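**Q**
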Amino acid sequence: MRQWLRWFAVQAVLDNREGALWFGQGDDYFLYHRPSDDRSILISWDHDETFCDPNPDLCNPNNSIWRPNLPIVRRILLYPDFTRWYYQDIASIAADEFSIAEMYPRIDALPRLGYGEGRDELKEYVSARIAALNSQIPDATLSISTNGGADFTTTQPVVTLEGDCSPLRDVYVNGSSEGMRYPTVTTWRYTSTLWTRDNVFVITDGQDSHTITVYWDAFHGGVLAEDTIIATSAYPYAITDDIVVPAGLALTIEPGVTLHFQANRSLRVEEGGRLLAEGTAAQPIVFTRQGDDYWGGILLECTQEDNRIIHAVIEYTREVITNPRTHGVSAYGSRVTIADSIIRHTGFSVAVQTYPWLGHEPTIYLLRNEIYDIQRDAVHVTGGYAFIQGNHIYDVRHGAYEFEGIEVSHMITPALLLDNHIHDVSDDCMDLNHSSAVIERNELHHCGDKGISIGHPSSTTLINNLIYTCLGRDDDPYSGAGIAVKDGAVSHIVNNTVADSRHGIYLYEGHEGGGGGNATLVNCIVWGNQSAVDLDALSTITITYSDIEMDGAVWPGEENIDADPLFRSSQGGIYRLFEDSPCVDTGTPEGAPDEDIRSVHRPQGEGYDRGAHEFFEFFSCYLPLILRLD
Numbered sequence: 033m034r035q036w037l038r039w040f041a042v043q044a045v046l047d048n049r050e051g052a053l054w055f056g057q058g059d060d061y062f063l064y065h066r067p068s069d070d071r072s073i074l075i076s077w078d079h080d081e082t083f084c085d086p087n088p089d090l091c092n093p094n095n096s097i098w099r100p101n102l103p104i105v106r107r108i109l110l111y112p113d114f115t116r117w118y119y120q121d122i123a124s125i126a127a128d129e130f131s132i133a134e135m136y137p138r139i140d141a142l143p144r145l146g147y148g149e150g151r152d153e154l155k156e157y158v159s160a161r162i163a164a165l166n167s168q169i170p171d172a173t174l175s176i177s178t179n180g181g182a183d184f185t186t187t188q189p190v191v192t193l194e195g196d197c198s199p200l201r202d203v204y205v206n207g208s209s210e211g212m213r214y215p216t217v218t219t220w221r222y223t224s225t226l227w228t229r230d231n232v233f234v235i236t237d238g239q240d241s242h243t244i245t246v247y248w249d250a251f252h253g254g255v256l257a258e259d260t261i262i263a264t265s266a267y268p269y270a271i272t273d274d275i276v277v278p279a280g281l282a283l284t285i286e287p288g289v290t291l292h293f294q295a296n297r298s299l300r301v302e303e304g305g306r307l308l309a310e311g312t313a314a315q316p317i318v319f320t321r322q323g324d325d326y327w328g329g330i331l332l333e334c335t336q337e338d339n340r341i342i343h344a345v346i347e348y349t350r351e352v353i354t355n356p357r358t359h360g361v362s363a364y365g366s367r368v369t370i371a372d373s374i375i376r377h378t379g380f381s382v383a384v385q386t387y388p389w390l391g392h393e394p395t396i397y398l399l400r401n402e403i404y405d406i407q408r409d410a411v412h413v414t415g416g417y418a419f420i421q422g423n424h425i426y427d428v429r430h431g432a433y434e435f436e437g438i439e440v441s442h443m444i445t446p447a448l449l450l451d452n453h454i455h456d457v458s459d460d461c462m463d464l465n466h467s468s469a470v471i472e473r474n475e476l477h478h479c480g481d482k483g484i485s486i487g488h489p490s491s492t493t494l495i496n497n498l499i500y501t502c503l504g505r506d507d508d509p510y511s512g513a514g515i516a517v518k519d520g521a522v523s524h525i526v527n528n529t530v531a532d533s534r535h536g537i538y539l540y541e542g543h544e545g546g547g548g549g550n551a552t553l554v555n556c557i558v559w560g561n562q563s564a565v566d567l568d569a570l571s572t573i574t575i576t577y578s579d580i581e582m583d584g585a586v587w588p589g590e591e592n593i594d595a596d597p598l599f600r601s602s603q604g605g606i607y608r609l610f611e612d613s614p615c616v617d618t619g620t621p622e623g624a625p626d627e628d629i630r631s632v633h634r635p636q637g638e639g640y641d642r643g644a645h646e647f648f649e650f651f652s653c654y655l656p657l658i659l660r661l662d
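The C-terminal residue of the sequence shown carries number 662 in the numbering used here, and the numbering is unbroken.
#1: Residue range of the beta strand (DSSP E) that glutamate 393 falls in?
#2: Going by DSSP, name the residue or residues bridged to leucine 430.
#3: Taking 8 Å as the cut-off, decide whether the C-beta atoms of valine 276 and valine 289 are in contact.
#4: Does DSSP classify arginine 634 as helix, strand or coil?
#5: Does DSSP put lysine 482 in a helix, a strand or coil?
#6: What beta strand (DSSP E) runs, 3 residues minimum, are completely inside the stretch 464 to 548?
#7: If you draw a straight line from the alpha carbon of methionine 462 to that of alanine 521, how long is it in whole angstroms?
#8: Would a C-beta distance cut-off of 8 Å place threonine 320 and glutamate 286 closer than the cut-off?
#9: Exposed or buried, arginine 34, counting other C-beta atoms within 10 Å across all chains shown (16 or more means buried)?
#10: Which residue spans inside the stretch 318 to 396 form an unbroken alpha helix (DSSP H) run of at least 4?
#11: Measure the CB-CB distance between glycine 487 and glycine 514 and report whether it falls below 8 Å.
#12: What span of residues does the beta strand (DSSP E) with asparagine 550 cover, start to end?
#13: Evaluate tryptophan 117 with the Cβ neighbour count: other Cβ atoms within 10 Å of its Cβ, from every protein chain shown; 16 or more gives buried, anything less gives exposed.
#14: Does the contact criterion of 3 or more C-beta pairs under 8 Å hold for the stretch 623 to 632 versus the stretch 578 to 595?
#15: Since aspartate 566 sits in a beta bridge, which residues does DSSP pair it with?
#16: Return the residue from the list Ala282, Thr272, Glu310 that minimises the CA-CA distance to alanine 257.
#17: Between the alpha carbons of tryptophan 36 and valine 234, how many angstroms are there, rounded?
#18: Measure the C-alpha to C-alpha separation of asparagine 296 and serine 362 and round it to an integer number of angstroms.
#19: Indicate whether the contact test is met: 3 or more Cβ pairs, each with one atom in the stretch 335 to 346 and one in the stretch 365 to 385, closer than 8 Å.
#20: Inspect the beta-carbon positions of valine 411 and leucine 390 and report whether they are closer than 8 Å.
#21: Is it the case that the Cβ atoms of arginine 357 and threonine 335 are separated by a distance below 8 Å?
#22: Excluding sequence positions up to five away, which residues of its chain have a Cβ less than 6 Å from the Cβ of leucine 332?
#23: Grouping DSSP H, G and I as helix and E and B as strand, with all else coil, what is aspartate 460?
#24: How about serine 458 and valine 428: do their beta carbons lie closer than 8 Å?
#25: Under three-state DSSP, which class holds arginine 106?
#26: Quick check on the DSSP output: what are the complete beta strand (DSSP E) runs of length 3 or more inside the stretch 36 to 77, in order along the chain?
#27: Straight-line CA distance for asparagine 550 to lysine 518?
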């Protein structure tokens, strides 16, 4: 059929006005039966009424290319696919074999006999005919009409795309013509099965190109029946049902995924299930709400698998399940790592919570997260094991309620609280009860109550912490302590700086029968507080090698002093020391840490410094410039 369409195109270009196969009259061909392959060959002849007729009245270059009137021929030519071939062959011949570049030399080569001055007329005809041929071909350009050419979402597994196209160029989708149809000469239609979440279709005809992405919205939550991967997508997933990961199955969420949870929906991982939500810095995973209502957060229930939430944003959560309770992320008897993530905007719920459950102890690694705008405790860990390092926690408050930055309770093994920056919370920046903990290199300030509150027989070691501006409440004489040790708790406090608070160090019995607090201070600075050290009759404290502000007196103990430590800028929150500070090189090496709060090696000078910071400055060395002129 392709050859027939080209033959018809030749007749149209030459404007054949006498053709039995063209429009049913004339004698313009022979059929030759070729024995070698038993095929018939059409031999064209008698073209006396083609091109430019000798009769000037019939020499019209604007004659129609639709002269054929035989029903069978018209049916062929009007079938959209064949019409496109017809147009393409006409345009191809006009641009090549019938072009001015090809025809003019042939016209010039005609013998003068019989043509004479007619050569110019022939050239004029060729030029005009080419223009007339092109003008009769529809002028359409490639476009996508489906959804106005804009990306869209569908819940169906099959999609149909369509649009306009030039009849002169075939349309390809992602480099292939398979599945392409032409409903009309100037329209295309393509149907495809969707193969992933974000299906990118590049539509091209070799001259123009357009791209459209179809998002296959096939996942809306529910109980998983198999291991499930939520694929990377530029379009959010609408979660209309709770996501439940049963025992033995894993839910993997790829980088760049955004999940929009309807109100009160949640993500729950059951015992033996696993959650792997590992984004990247460039493509975080976002867990957020759909609309203005809060959703129920992430609940891990008795799953001791290696659950991971990395480079994620978790926001707009509230408690929607009470037993166990859902918060931002809740690990009940579960193991989880949350790292390099943002947790924010809770609706009267905790950002991160762990709790023993049904005989299972929780384990949490909370690393390098930003946690803010929390309307209950930012982090509340109970039982099991907690490793909490490098987090920035702030803006923890809700009306008149008092909430903690980090609360640690009833730990099985000592908790590690390292390198955290906590500020602007309505209660304690850190609160420990019935727990052992190592608390190092934290910066705690603008705490509504205490910087570190240690109570209900806890044993803690505090090293290299900077605590300041804990002013407390006027109606509570025990509030506003940089460090409080109470109710039988014991604390070893080394190289801490406690400044500009209501109480620097406070030891007392907070609950009747609980007993006082017991502490040792070594290499510490307690300065600029309304009261440096306070303790009741039930409490004990030993202080050595420390700078304690005593209004001219010196706290009893080896190498204690009462001297301005010469902070760089306490008003600006800079508590590093000047070189001539009395706290530089005057600490004891006994039990002193190898590094300071900023990981500067100790000692830098002749001895260990007091306080959280080791004096360390960069010096510039200027060498003389010598110019030698030869």
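The beta carbon of each residue, even a glycine, is placed where N, CA and C say it ideally should be. Being a predicted model, the structure only gives us computed values, none of them experimental.
**A** In short:
#1: First-last for glutamate 393: undefined, no H or E at that position.
#2: Note on identity: in this sequence residue 430 is histidine, with leucine being the wrong assignment. Partner(s): Tyr433.
#3: no
#4: coil
#5: coil
#6: 468 to 472, 475 to 479, 484 to 487, 491 to 495, 498 to 500, 513 to 518, 522 to 526, 529 to 531, 535 to 540
#7: 15 Å
#8: no
#9: exposed
#10: none
#11: no
#12: 550 to 554
#13: buried
#14: no
#15: Tyr538
#16: Ala282
#17: 32 Å
#18: 15 Å
#19: yes
#20: no
#21: no
#22: Val301, Asn339, Ala363, Ser366, Val368
#23: coil
#24: yes
#25: helix
#26: 61 to 66, 71 to 76
#27: 8 Å
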